[in-house]
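Position 63 of the sequence shown, counted from 1, bears residue number 63 in the UniProt record's numbering, the numbering being contiguous throughout.
For reference, the structure is listed below as structure tokens.
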Amino acid sequence: MHRSTSHSNSGAFSPNSNLNEDRSKISDLTERRRIQSRIVQRNYRKRLKRLLEDSERKRRASGTS
1 MHRSTSHSNS
11 GAFSPNSNLN
21 EDRSKISDLT
31 ERRRIQSRIV
41 QRNYRKRLKR
51 LLEDSERKRR
61 ASGTS
């Protein structure tokens, strides 16, 4: 049976779900790749945000503006 690919906030796309666990249960390769891309992009944004915050904190601590 074909899985629906609606863009609702349920299932694997729910922000509160464990995406790694959900991804392993999906047999459709395209859907798995889409989920993996979302995970990678989210982690990249988190890492970038953290690096920018650390840089700003160091800049403030050094007393330069």
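All C-beta atoms, glycine included, are put in the ideal place defined by N, C-alpha and C.
- DSSP places Ser37 inside the alpha helix (DSSP H), whose first and last residues are Leu29 to Ser62.
- One Cα belongs to Gly63, the other to Glu53, and the distance between them is close to 16 Å.
- Contact between Ile26 and Ile35 holds: their C-beta atoms lie close to 7 Å from each other, under 8 Å.
- Rounded to whole angstroms, the gap between the alpha carbons of Ala61 and Leu51 is 15 Å.
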